[in-house]
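Just so you know, numbering that gives the first Met the number 0 puts the end of the sequence shown at 1125, numbered straight through with nothing missing. Built from N, CA and C at the ideal position, the CB exists for glycine as well.
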Amino acid sequence: MDTQIWYAIFSTIFGGIHGAFSHLGEIRTLGMLRSRFESVPIAFSERLVPTSKEESKKDHMDGTWERKNIAKFSQFWNEFINCMRTEDLISNKEKDLLLVPYSSNDVSVVQWPPFLLASKIPIALDMAKDFKGRNDMDLFRKIKNDEYMHSAVIECYETFRDILYGLLEDEEDEMLIKHICREVDDSLGRRCFLKDFRLSELPQLNNKLEKLLNLLKGDYEDIENYKAQIINVLQDIMEIITQDVMTSAHVLEKSHQHQHDDPVKQKQKFENLNLNLMRNRSWMEKVVRLHLLLTVKESAINVPMNLEARRRITFFSNSLFMNMPTAPKVRNMLSFSVLTPYYKEDVLYSEEELNKENEDGISILFYLQKIYPDEWSNFLERTNDVKDENGGKEKTDLIRQWVSYRGQTLFRTVRGMMYYRQALELQCFLDMAGALAIFDGYRTVNIDHHDDEMAFAARSQAVADMKFTYVVSCQVYGAQKKSSELRDRSCYQNILNLMLMYPSLRVAYIDDREEMLNGKSERVYYSVLVKGGEKLDEEIYRIKLPGPPTDIGEGKPENQNHAIIFTRGEALQTIDMNQDNYLEEAFKMRNILEEFLKPRRGERKPTILGLREHIFTGSVSSLAWFMSNQEMSFVTIGQRFNSTLRGGYVTHHEYIQFEAKVANGNGEQTLSRDIYRLGRRFDFFRMLSFYFTTVGFYFSSMVTVLTVYVFLYGRLYLVLSGLEKGILDDPSIRESKALEAALATQSVFQLGLLLVLPMVMEIGLERGFRTAIGEFIIMQLQLASVFFTFQLGTKAHYFGRTILHGGAKYRATGRGFVVFHAKFADNYRFYSRSHFVKGLELMILLIVYEAYGRSYRSSSLYFFITFSMWFLVGSWLFAPFVFNPSCFEWQKTVDDWADWKRWMGNRGGIGIQPDRSWESWWDGEQEHLKHTNIRGRLLEILLALRFLIYQYGIVYHLDISHHNKNVLVYGLSWVVMATVLVVLKMVSMGRRRFGTDFQLMFRILKGLLFLSFVSVMTVLFVVCNLTISDLFAGLLGFMPTGWSILLIGQACRPMLKGIGFWESIKGLGRAYEYVMGMLIFLPIVILSWFPFVSEFQTRLLFNQAFSRGLQISMILAGKKERSDPN
């Protein structure tokens, strides 16, 4: 364990240094992004844009290099922003503020996204209006101090001029505008701008400009009225400029003297307007952008508001400054495939699933609307204009997709992976496009006007298809297609819709059919690849298989193996059904694939690339937050250290990320030959690295728990045997602190502090150390140590059981949504054997030790060790209830108790599920013993014998024994134990035989037994000096003995069934379950009496949600407003 601790410390330090040198976390916030946004297009061009030396030299010579870079960057950036709008992470206004204009041909400055320029024009206007100086240079210096303000002022002036030039068709009107602009330019050149123009009148002019832009942006029905409004505003603007802003209009008078004689002609100014421009997309983009620059008066420092959108923007921007290979052109890149195995998981949620309410009245749709209120608002804004001609079906389908994109569905995964193709199409366009097309934009290129661009779309799609293949291995798609079950038909239809939505998606499945072979009907198996046709799927390939592929191995790997033949390319990425991808990360795939071509040590190239994951389950509850932080640090810090130490043949890269849910497991690996072979081929240091990052972590978890057991059982022996007193009186022993130091190490591991070290370093690197320390403190206040201690028990239990008996089984992970209250019976089933039994055992050990021990309790280290062990017991017994929503509400507690009693009382049998009956569950919990070998059974029996120590030690310390050390005392204790068991058996048999037909006989039997018990106890108290403390001590001694008998009976099940004694063991098991259940349930009942406990627990559990302003209490209580979600 010491080595594990040193590994955690060393890997944290090394990983932190490595991450810092990799430029990780240089852009952590939107504020940092603003300050460095000027260098983002340059970094983008260096990393993601392939350029030859000849092209670069030519662009530098003709001065188009910078403009081309920004134009290319704007294509990618705008696709990224539009993608986030489609995903409803940002609103329409935020999208407009984040977009970069495609073309900057008409403007002499760089056109930055409006979120950088927001409020700059209103501030500049206020500065100009209130400026008291007489020197132009002082005002211009003030404006130039803020580069974004300087850009905004020039862009507004030049854009407004271009809008007017396009709008005015009359040559004389255009000449008037040109004269005014020339006057402005001359004044600036002569440095007498303040003298020639009254800047105090600019706000008035600004108001009219806003009015004009609002008109140009708006819709119109009556074109004559609309045109008249524009003309009026234009005339007002001219009047303000010539009469109020310009100090003298002598230039205009000279230029237009011939018009002054005709007042009618003067009134007809600006009547000839080119309203066809309203249909020109690029011109309208100028209008929208200018309107934003003039009207956004508040700072856009919080744009975008959505936390996920912020995280993605900052991560993408930061990754551009990290070390990555240069991107090749699409036609020169390595081709690759993505393979996703699918079985029977959700594809797309149905309307019924969205609106189906749980017991608290919460539906999936309602839950998501409350958890993601901003995204729901953005969705409603996006779908407001959808014209639904199918009686609401289209809107319903959009809502189904919106929900499915927030769950762990195949729809979400396929959308994410198809971003690769979208990214390749855009990259291909930029590789092949000429300068004119690049400046016009990917989405705005007008193919009718550019013959060279005619085949761009088709060529880009063709190259993208050559370089990228996506195969989803839907093992049971063929069976779902033939099935008559509603769910199977729904899955088939949804997968078919995916193929129709994404024509380049391929689905592989196993098809079995009856065929006549040599006159006999035989079942034949095929691997089939299909694609979407016009309305149905179309078969591409059919490969005959020698037999059913899933019969020779595990289902999931074989599902991938049969489909792997349909993948194409030099690289293969395997993506699980619960992973997602982002468009902006897909842009980096060309760079990632170049890693395969980079030679490492010894000229060997890597064969496997590891990529960081972003865990998307950590957004609401504290539990999800703990796990996501822990897993995030594991796949970053640990992998940085590990891939470096192993020589880099398996490499790990952090400039690209995916989304994944939390999952882990290691039991079977330890027993496999692969671990043995790998370990033998590594040198010493790599072997240690490999061990501590894989099975070692789980082995250390198990050793941690075993250490507690060994320590407490050792102390129990010393205390009950009387040796402790003699040992502690020896000064050499009393001054020895070695054992305490070793146990303090165990406590550090147990409390989850090892998991926290890498997490603090990772958050510190990526979001700042102040944030990291703050999050660490908040996590401790939210009982993170309770969670990690409980998790330690889970790892130790299942890892140990797998080592002992083998046969780790696949556990399907929940992919649902709603925050729900787990019933007491559910928690008892899940954690009884892994945590509750062990927790009660350790509690009895600690009580016995505290009752009979005489230790040197003045030591602070000893206090820390004892505290950590009580903390372990408390965590293992009560963590599931502390982290269970609404667990301490009185009504839920009452319902839980009734449900648990019903579950305990129900009889089991064939076909009865474990969640319906205690007997079925109890039988299932011994499944590992049915398949284990004689070695496993003997080990179980040996381990069960430890419970006999309690009885042996405690009976000699009872007052009734009068300090007699004779073996007869121990023998007499077994007589008492046997008597208790016989009495329990008599009651059980009496209930079965007389319980229904002979109620009177059964009552007489119970009465006789009760009188006998009272008589015996009276004699013992009066004659034998039995004390109350002896009763409690006897309970502590005899309860573990009974449990030992139970465990030995379970291990010897076949033999006991043969002699007809199994039902007695089952009855004993039920009695123990009742006792354990009541012991655990009692504190919950007591805490449920106090209403504030439930409120405190809700705050503790959902602090993440409260900090985002979510209505968790509303979700938990199910106070749903009965209104149409649309």
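Its Cα nearest to that of Y341, the residue Q578 stands out among I312, K369 and Q578. For E514, there is no enclosing alpha helix (DSSP H); the enclosing beta strand (DSSP E) has its first and last residue at L504 to L516. By the Cβ rule, the region 884–896 counts as touching the region 1081–1096, because three or more pairs are nearer than 8 Å.
Closest by C-alpha distance to Q368, out of D172, R906 and W401, is W401. Separation of V836 and S916 (C-alpha to C-alpha, rounded to the nearest whole angstrom) is 20 Å.
If you compare the alpha carbons of E358, L722 and S318 with that of E584, the shortest gap goes to S318.
Inclusion of F689 and F786 in the CB contact set at 8 Å is not warranted, their separation being larger than that value.
Under DSSP, E538 shares a beta bridge with V529. Note that the region 282–289 does not touch the region 67–76; fewer than 3 beta-carbon pairs, one per stretch, sit closer than 8 Å. For C1023, there is no enclosing beta strand (DSSP E), since its DSSP letter is neither H nor E. About 27 Å separates the CB atoms of Y949 and K794; that is not less than 8 Å, and the two are not in contact. The beta-carbon distance between V108 and S73, rounded to whole angstroms, is 14 Å. This is too long to meet the 8 Å contact definition.
The residue among R35, Y848, A824 and F79 with its C-alpha nearest the C-alpha of T892 is A824.
The alpha-carbon separation between E25 and W902 amounts to approximately 56 Å. Within the same chain, Cβ atoms closer than 7 Å to the Cβ of S298 are found at A117 and S118, the five residues on either side in sequence being excluded.
Remark: C-beta atoms of L333 and F595 approach each other more closely than 8 Å. Excluding the 5 residues flanking it on each side, L1010 has no same chain C-beta neighbour closer than 7 Å. With contacts defined as CB atoms closer than 8 Å, Y348 and R310 fail to qualify as a contacting pair.
Assignment of beta-bridge partners to K519 by DSSP yields L516. In the structure shown, F1101 falls within a coil segment according to DSSP collapsed to helix, strand and coil.
In this structure, F114 places its C-beta atom within 8 Å of the C-beta atom of L97. The continuous beta strand (DSSP E) containing Q572 extends over residues A570 to T573. Judged by DSSP in its simplified three-state form, K355 adopts coil rather than helix or strand.
Note that the C-beta distance between I959 and D1029 is below 8 Å. Contact between P879 and Y830 holds: CB atoms are separated by about 5 Å, below the 8 Å threshold. Between A42 and F320, the beta carbon gap of about 5 Å places them in contact (Cβ cut-off 8 Å).
In its chain, beyond the 5 residues on either side, D243, V244 and T246 have a beta carbon closer than 7 Å to the beta carbon of R197. Sequence-distant Cβ neighbours of A326 in its own chain, meaning closer than 6 Å and more than five residues away, are L47, P49, R589 and N590.
For E939, same chain residues with a beta-carbon under 6 Å away, outside a window of 5 residues either side, are A1050 in chain order.
T339: not part of any alpha helix (DSSP H); member of the beta strand (DSSP E) spanning F335 to Y341, first to last residue.
Taking every protein chain shown into account, the CB of D345 has 16 or more other CB atoms within 10 angstroms, so this residue is buried. Taken through DSSP and simplified to helix, strand or coil, G609 comes out as strand. The three-state secondary structure of L544, taken from DSSP, is strand. Looking from the CA of L1004, the closest CA among L983, M1016 and M576 belongs to L983. Under a 10 Å Cβ-count criterion, A457 is classified as exposed, with fewer than 16 other Cβ atoms of the shown protein chains found around its own Cβ. Ranked by Cα distance from G217, the first of M283, R420, L504 and Y164 is M283.
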